[in-house]
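Here it is in structure tokens:
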């Protein structure tokens with residue numbers, strides 16, 4: 039699995055956390071860590087970064103890959 043570190047600026051609450059986890063899970067991946075304070079999500083999945091970002095966008099959140 040590929041590991042991704044994402045910044046999700048609009049992620050502010052437990053509901054946001056749940057939606058992000060569901061989006062990653064729907065791609066067969068999982069969230070390793072998620073910090074609402076820093077807005078950083080570390081996830082792993084066997085997809086491209088574009089596919090992951092698209093799925094998170096479909097869940098209602100803008101995200102970017104942290105370099």
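Residue numbers (our numbering): 39 to 105.
C-beta atoms are modelled at their ideal positions from N, C-alpha and C, and glycine is treated no differently.
Keep in mind the model is a prediction, meaning the values are calculated, not measured.
Answer with buried or exposed for residue 104, where buried requires no fewer than 16 other C-beta atoms within 10 angstroms of its C-beta. Exposed.
What's the gap between the Cα of residue 98 and the Cα of residue 39? Computed Cα separation, rounded: 24 Å.
Which of the three DSSP states, helix, strand or coil, is assigned to residue 105? If DSSP states are grouped into helix, strand and coil, residue 105 belongs with coil.
From what residue to what residue does the beta strand (DSSP E) around residue 41 run? 40–45 is the extent of the beta strand (DSSP E) around residue 41.
So, is residue 56 buried or exposed, given that buried needs 16 or more other C-beta atoms within 10 angstroms? Exposed, since its Cβ has fewer than 16 Cβ neighbours within 10 Å.
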